[in-house]
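Quick note: the sequence shown, position 16, residue 448 per our numbering, numbers continuous. Built from N, CA and C at the ideal position, the CB exists for glycine as well. For clarity, every value in this text was computed on a predicted model and none was experimentally measured. Structure, as structure tokens:
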Amino acid sequence: MAKRILNTDPQRSAMMGRVRQRDTAAELSVRRILRARGYGYRVCVSSLPGKPDIVLTRYHTAIFVNGCFWHGHAGCPRATVPKTHARFWKQKIAANRARDAKVKTELEELGWNVLTVWECELGDVDKLAERLTESPMLAASVLLQRKGSAGNA
Ligand SMILES: [Zn+2]
433 MAKRILNTDP QRSAMMGRVR QRDTAAELSV RRILRARGYG YRVCVSSLPG KPDIVLTRYH
493 TAIFVNGCFW HGHAGCPRAT VPKTHARFWK QKIAANRARD AKVKTELEEL GWNVLTVWEC
553 ELGDVDKLAE RLTESPMLAA SVLLQRKGSA GNA
């Protein structure tokens, strides 16, 4: 007799299927922010650990756009684990978090700057844009660009 599969509600099952889906609304928003500010990027770079969602090759920066629930955004209301099958969800989310941490370490060892964008941050695009451009690598490159334009003046 087949082992009984843990019965989860359809909405959750659908969410589960979307964990690593590409071109989510959140990813598209982040790309729009970068594009509007003139950053060139590549998407879904499979040659890098964890297949980062967005890669700014020029700035050696890999960006992951994470769903708060699935990646266990600490202290975020969207990351609340449902009471039903709480242990199941906690294990799943813990596994995702462990994987995220491993991938981040691997990328950093390869000399990449790793940025994580949380889904909930997209509620305040200006603030997120500020954070993205304040990242050390991006900030350094912006500084270089400014120096360059000052020299032309
Ligand atoms: Zn969040």
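- A contact is defined here as three or more CB-CB pairs under 8 Å, and the region 537-553 fails this definition with respect to the region 514-522.
- Taking the C-beta atoms as reference points, residue 473 is found nearer than 8 Å to residue 487.
- In the DSSP secondary-structure assignment, residue 530 is not bridged to any residue.
- Segment contact: the region 496-504 against the region 520-531, three or more CB-CB distances shorter than 8 Å; contact assigned.
- Look at residue 496 here: in three-state DSSP terms it is strand.
- The C-alpha of residue 540 is placed about 23 Å away from the C-alpha of residue 551.
- Its chain contains 547 as the residues whose beta carbon lies nearer than 6 Å to that of residue 567, once the 5 sequence neighbours on both sides are disregarded; these appear in chain order.
- The residues 481 and 482, in chain order, have a CB closer than 6 Å to that of residue 535 in the same chain once the five nearest residues on each side in sequence are set aside.
- For residue 548, the uninterrupted beta strand (DSSP E) segment begins and ends at 545-550.
- Collapsing the DSSP output to three states places residue 474 in a strand.
- In the DSSP annotation of this structure, the continuous segment of the beta strand (DSSP E) that includes residue 488 starts and ends at 486-488.
- Rounded to the nearest angstrom, the gap between the Cα atoms of residue 557 and residue 511 is 20 Å.
- Of the heavy atoms belonging to ligand 1, at least one sits nearer than 7 Å to the Cβ of residue 550.
- Residue environment: residue 564 is assigned as buried (16 or more neighbouring CB atoms within 10 Å of its CB, all protein chains considered).
- According to the DSSP assignment, residue 512 belongs to no alpha helix (DSSP H), since it is labelled neither H nor E.
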